[in-house]
Each structure stands twice: as structure tokens, then as C-alpha cells.
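Protein chains in written order, with my numbering: chain A, 11 to 358; chain B, 11 to 358. C-beta: ideal position from N, C-alpha, C; glycine also. Quick caveat: nothing in here was measured; it's all calculated off a predicted structure.
2 protein chains.
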Amino acid sequence: MELTDRKKQILKVVVEDYIQTAEPVGSKAIAAEMGGSVSSATIRNELADLVDMGYLEQPHTSAGRVPSPKGYRLYVNELMERQKLSIAETEKINQSLQLKMEELDRVISQAGRAVSSFINYPAYITATGKQKMTARRFELLPVDEHSCIVVMMMGDNRVKSQLLRLQLKVDIEQMPTLVTLLNSHFTGVSTDEMNQRLMNVAEQVPPQLFLLLSQTIAYAVDVLEEASQREIVTAGANQLLKLPEFRDADKAHELMSFLSDSKESLPMPDDGPMKILIGPENVSDALKDTSVVVASYDIGDDMRGLIGVVGPTRMDYATVAARLSGFADGLTRLFGKQELPPKEDTKE
Amino acid sequence: MELTDRKKQILKVVVEDYIQTAEPVGSKAIAAEMGGSVSSATIRNELADLVDMGYLEQPHTSAGRVPSPKGYRLYVNELMERQKLSIAETEKINQSLQLKMEELDRVISQAGRAVSSFINYPAYITATGKQKMTARRFELLPVDEHSCIVVMMMGDNRVKSQLLRLQLKVDIEQMPTLVTLLNSHFTGVSTDEMNQRLMNVAEQVPPQLFLLLSQTIAYAVDVLEEASQREIVTAGANQLLKLPEFRDADKAHELMSFLSDSKESLPMPDDGPMKILIGPENVSDALKDTSVVVASYDIGDDMRGLIGVVGPTRMDYATVAARLSGFADGLTRLFGKQELPPKEDTKE
DNA sequence: TTTAGCACTCAAGGAAAGAGAGTGCTAAAC
DNA sequence: GTTTAGCACTCTCTTTCCTTGAGTGCTAAA
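Here you go:
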């Protein structure tokens, strides 16, 4: 059977109507929406065809039609009109991204909340480095006999620091030696390699310095490993409860638990600026009845973030896609503008 | 009318039964649970009295009895047997607090999740300084001509640092002057005062240094203000959906939105190690039908944290109280052990 | 003061009936 | 061949009514 233009148009109407009302769409309503150029009986014939072809489903014999995942897919690929954001909306997005440039994590979690509250679905957000994070530079600042501050600059120019308590007193004069050693042997290499090298220099360094050295490396390894593992933040899960498809507490609970406990299995496509996954296209079982829209944004050169929203398959794809890519652009701009000064290597 | 011992015992049975089943408790069940020493008819008489006295309520004429807030209050104050944690439970709590001592924020949010998942109710957690945070020491590390790292140690010995981009080139030789200035004029004072002093020194400092100085102070003010404002983390809101009193999506949504949006109005008592607020004893409207149990824990000398759980008035107060104080103790121990080295002032 | 007995109340659950939305099919019209 | 009007049919949803059963309140006796 052929998918005529009229069939497509009807499909479009069904999808858009159903997205709004969450109620099966009847032939009469479709006829009305199409301007009365054809009668409801004609529509009925077409609808029957569309059901046969798998684009629509019928909850029961005497109900209207509901789009199938295949129907949504066609809609998203061909029928949907790409929406443009209104100036007001763009304005609002940018406003909600007027974040002080603090720590990356914090910015991200705030952005996640902003996305969720603007799109009205639960959102998740993450920043992932394309490669393992390494240290670029170390510095030790003596505080007193018992403690010193370790400062580490990472590959992405973020700086982390902490107070270290010294187990053994260390002569302040020896600090520079240690810093030189740190910067020459422990920068630009993986955490495994750092541990390795620590072992290697063990004998060349006086014991009380070695203790401090290994504390420093332990700290560095911790921070680096945490930084290179993607942290996923979710926000706005409670938005689900407003949707008719999640009025059932069990369903809502299942999805919300998934969102808060098993974030790792949320879709993380590694290509393209935006991806839409409809119902069964999702791998995770918990998402089989939901759709996910994910967009990516850039953080400097070698990092990349993802923002996604999760909603019912009956999702307003056009609006969500438009807004989400608005946010992605906003974040790209945000990071491009303020962070990551020119990347000259500064190892001495 | 007098509150005889038997009445109290009956009240206790009603509360404990209702806590478990969430169903109104009938006279027959109570009689059975009391060992058959009295008949259900006698219980009925007593129940009628307890209703008159306001300790119990009757959903409708022919239903069993349900504790009123006043009844819960009496139960919590007098009747409840303080539970001790089993060794296994203590073990489990300590295990879940085996957190690497990273940034305070991160520890706290992880602890919040642990609390929630161990107690099975939504939890909130916060760390609040008793006083405004101040800077204790500054350091500037030149990176290259365009940037330097600012390191600041705060009053609680936490260290924060960030890369600053310089608008104007700064002579490296001049840095020490600036550091001395920072440490002599901008440590130990409020952020307002810092801004004030910045204005005062404006004329005594060469312009290109002043720019860097003001960037540094701006960063410091940001960090300090953020550190002294209580951040409240909530976790496990989805636990609500398992409870029969929140099967209704609207109710659940209302409370969950409150928990995620208006955290500031969660109960934050400033005295005593533990506080239990039952139903209408809560100030916030959104919590009028729920109970809150809050415990406090210590972080070093001048900071103090709060963990609370939110649940239905029908909450297993004995267990929750025991577990929560187990967590509070665990956190106190955690912070006492690792953080905050001896507090000698190290300003030069 | 306690208890047995009994009539009474009320929510919850199920069956039956009616309403309404929408379909599928047929036969006529274009 | 396609479109349309007409009509019987199907199925859900809502309402109503009835039944059931847990639990009470009251009375009178122990």
C-alpha cells in the first residue's frame, strides 16, 4: 500500500492532536481539523489503511487512533515542522543560563534544572571528556609545619586544591625540589602511570619527602579520576506526575527510580548534535514506553556535554527539540565565552 | 477525664498498628494484641474516651481509629520505646559513610542519598556555618602572561582555587606585593568589608595590579558567599510514591515540588540533637500532613549540619529516630576524624 | 467496671444499565 | 475508482443500585 500525501497529512494531524490531548483521535475531529475538504468517512478509510501499515494503533475497536512508535518516527523524520524559538524564548533561555562561572559541576547541575523547568519534563545533563583527564601543573604551598596546600591544574585548565596534613615535618626549603619533581614526572600522564612512576622514584627521594609526594599523588589521582568519569545529574523528575500517563504511582515510581538510580544507562549518543529516541528504540527497559531527546554541547576543545529530556512517547517533539537545541547552543556559548583560555602548554 | 495507663497502652497499640498497616485499627484487633485480658467491648469504651480527649480520630462512624497528631505527639514523647540500632545496622550506616573525604558538598550530597535509601523516606541535608565565612589566606600563582591561579584558604580550612584570566599583563615580580596586600587587608573580614577595603586601596596600587586585585576579590567574595549560604540537598523524593498516602499523583507532586523547589522552608531547628515535628506542628503548609525528623551533626568547631527525613505522619518514629541519629553520629565522627586540622591561625 | 449481644452505619466492591464516542460496512453518488 | 451518507454495532466510561463486611454504639446483664 502506498503512503500518499493525504495519509501523511492525516498522520500528522493525529500525532499533533494526540500530543496535545493524550486522547485517541477520532475521524470526525480529523476531518474538522483538515478544513472539511473530505468527510469523516473518507478519513476512516484512510485511518484503517494507516493502522494496517503500522503507523497508527487502535486501543480498542470503537476508539479513535493513537500513533505507534513507527508513526512518531515518521512524524519526527518527515512531517514535523522544525520550530524556531521565539525571541522571548531565546531570551528566557539565555537568562536562565546567566550563571556565574563557578565550578563546572555546579554550572551543570544548575543548567539541568533550568532545562527541566523550561521544557517541563525531567532532564539529565552531563559533561564528558573525550579523553582521560591529566594533570598539567602542580604547586605546593606550605602552610605550617603540619600542613600544606596542594594545587593542581588539570588538562582542561580547571584548578583543584586541598589542604594536606603532613605526617612528617617537611623542610620548607625542600618543597621546590618536590614541585619540580611533580611537574616533570607526573604531568600529562594517566593516573595509572602516575602511580607507576611514584613507585619508580621511591628510592631517589628522601623518605619524609616521599610521604608528602605520595599524599599529593593520591589526591591528584582521586581528583583526576573523578573528573574523567562522567557525572550525570538529573533534575525535575517530579514533572512526570503532571502527565496523565504517569498518574499511576507505580509507573511513575519505576521511571523516577530509574532516573535517580541508574542514570548510567540513559542514552548517551556519541554523534550528531541531536538525537531523538522513541519508545522501543530505547535500549533500557525502563524507557521502553518513553521518548528521549538528547542534544550535545561543547565545552572547550576536548570536552563535550549532553543534555537530555525524558518524557512520554506522546511528547511535543517539535517544541522540545527546538528548546533543547536552544539550550545546547546557550551552553556552548557559555563555555566558549568564559572558560578555557588559549591552550598553550605551560609545563616548564 | 483521666489518661489511665490502660488508655496509654491502647494508644500505643493503635499507633504502632497504624504505622504498620496504614489502616484504621479496630477494637477487636487491639484486644487481640493486648493478650485477651480485656474484651473488645471494653476497648471500645476506652477508644471512645480517647477520641473525646483528642488522641484518636475516626475517619467515619463505622471505621476503626487512627491516631491524631496529638496522639502521635504523646506517643513520641512518652510511649515510644527508644530503639537501639542493631550491630548490623550500625555497620551498614558506617559502611555507607565510607566516603572519600573530598569536597564538603559532595560528601554531603552522598550522605543525603545514603540516609534516604537507608530510612526509605525522602531526606534532606545541609551544612551551615554558625558565622559568616572569611578568607584566611591568599596565594597567587603565575601561569603565563595572560593568566594566574588564585588560591584561597577559608576560615574552615577548605581551599578553593581558580584560574584567572588577566585583562592586563602583570609583572611577575609584582605578584608578591599583591599577595602580601591580600593577606594583610583582606583576610578575616566579611565580604562587605572586603569590597569596602578594595575601594580604599584603589589609589595606592598601580592600575594593572588593581585590576588583578579586584578580580581576585570578586572571586573570593563569590566563593565565600556561596560557602556561607546553606546549600540544601534533597534526595530520594521518589520514595514517597511507595507510600499509600501518596498514591495520589497530585499529593505526591505537591510535596515533591516543595522538596525540590522550596527547600529553604524545610525545618531547620537550631537547638538540640534531634527534633520531631508532627503534622500541623510544621510551619510550611506543604508539610501540614507530613512529619519531619531532623538530627544535627557536627563539622569541626564552628559548623553544624542537619539531616532530616520527611514522611507521612504515620511514620515509624522509633526506627527513623534511631537510624537518623545513627547517621548523625556517623557524620560527626567522619568529619571529626578527617577534617579540620588544629586551628592555629596562620595569617602572617 | 466489664462484657455479651445486637442493631446500625458506612465504605468498598461488583453488577447492571445507559450514554456517548467512534468504528466498519454497505450502497449510492460523484 | 473514489468519496460520502447512513446505520448498526462495539466498547469504554459513568452512574446507580445492591450487597457485603468490618466496626461501632448502646443496652442490659454479670
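In the displayed model, V320 (chain B) falls within a strand according to three-state DSSP. Nearest C-alpha to G321 (chain B) among B:S301, B:L334, B:L151 and B:I29: B:S301.
Per DSSP, reduced to three states, the secondary structure at R147 (chain A) is strand. Assignment of L173 (chain B) by DSSP, reduced to helix, strand and coil, places it in the strand class. Rounded to the nearest whole angstrom, the C-alpha separation of L334 (chain A) and Q177 (chain A) is 51 Å.
Contact holds between the segment 138-149 of chain B and the segment 187-196 of chain B, because three or more Cβ pairs, one in each stretch, are under 8 Å apart.
Residue burial annotation: T201 (chain A) is buried, with at least 16 other C-beta atoms found within 10 angstroms of its C-beta. Listed by position along chain A, the residues whose Cβ is nearer than 8 Å to that of A121 (chain B) form an empty set, because the closest Cβ is around 16 Å away. Residues of the segment 139-161 of chain B with a Cβ closer than 8 Å to any Cβ of chain A, in chain order: R147, E149, L151, V153, D154, H156, S157, I159 and V161. Closer than 8 Å at the C-beta level to chain B, one finds these residues of the segment 160-191 of chain A: V161, M163, N167, R168, V169, K170, S171, Q172, L173 and R175. Chain order gives the chain B residues near R257 (chain A) as A259, where near means a beta carbon separation below 8 Å. Not a single C-beta of chain B is nearer than 8 Å to the C-beta of D312 (chain A). Within chain B, no residue has its CB atom less than 9 Å from the CB of K102 (chain A), the nearest being about 18 Å off.
Taking C-beta separations shorter than 6 Å and ignoring five residues to either side along the sequence, the partners of L221 (chain A) in its chain run Q177 and L178, following chain order. Per DSSP, reduced to three states, the secondary structure at G289 (chain A) is helical.
Short of 8 Å from the beta carbon of T138 (chain A), and not among the five residues preceding or following it, lie these beta carbons of its own chain, in chain order: R240, M278, M313, R314, G315 and L316. Within the segment 41-69 of chain B, not one residue has a Cβ closer than 7 Å to any Cβ of chain A. In this structure, DSSP gives P152 (chain B) an extended state, which the three-state scheme calls strand. When the beta-carbon positions are compared, A296 (chain B) and F268 (chain B) come within less than 8 Å of each other. Taking a beta-carbon distance threshold of 8 Å, K110 (chain B) counts as an interface residue toward chain A. In the pairwise beta carbon analysis, the segment 208-226 of chain B is classified as not touching the segment 87-104 of chain B: fewer than three pairs are separated by under 8 Å. Going by C-alpha positions, A259 (chain B) is about 29 Å away from I103 (chain A). Secondary structure of E91 (chain B) (DSSP, three-state): coil.
From the listed residues A:K273, A:M204, A:D154 and A:L341, the smallest Cα separation to I242 (chain A) is found for A:K273. By the C-beta density criterion, M164 (chain A) is buried, having at least 16 other C-beta atoms within 10 angstroms. The three-state reading of DSSP puts P34 (chain B) in coil, since its state is none of H, G, I, E or B. A direct Cα-to-Cα measurement between D27 (chain B) and M44 (chain B) gives close to 12 Å. The beta-carbon of A262 (chain B) is placed less than 8 Å from the nearest beta-carbon of chain A. Beta bridge pairing from DSSP links D308 (chain B) with B:R314.
Closest in alpha carbon position to A41 (chain A), among A:L21, A:T31 and A:E33, is A:L21. Here I129 (chain B) has V319, V330, R333 and L334 as same chain residues with Cβ atoms under 7 Å from its own Cβ, once five neighbours each way along the sequence are excluded. With respect to V125 (chain A), F337 (chain A) sits close: the two C-beta atoms are nearer than 8 Å.
Within 8 Å of the CB of A296 (chain B), no CB atom of chain A is found; the nearest one sits about 13 Å away.
Inter-residue distance for Y82 (chain B) and A328 (chain B) is about 11 Å (C-alpha atoms, whole angstroms). C-alpha of H263 (chain A) to C-alpha of T323 (chain B): approximately 21 Å in a straight line.
Here P77 (chain A) is buried, its C-beta having at least 16 other C-beta atoms within 10 Å.
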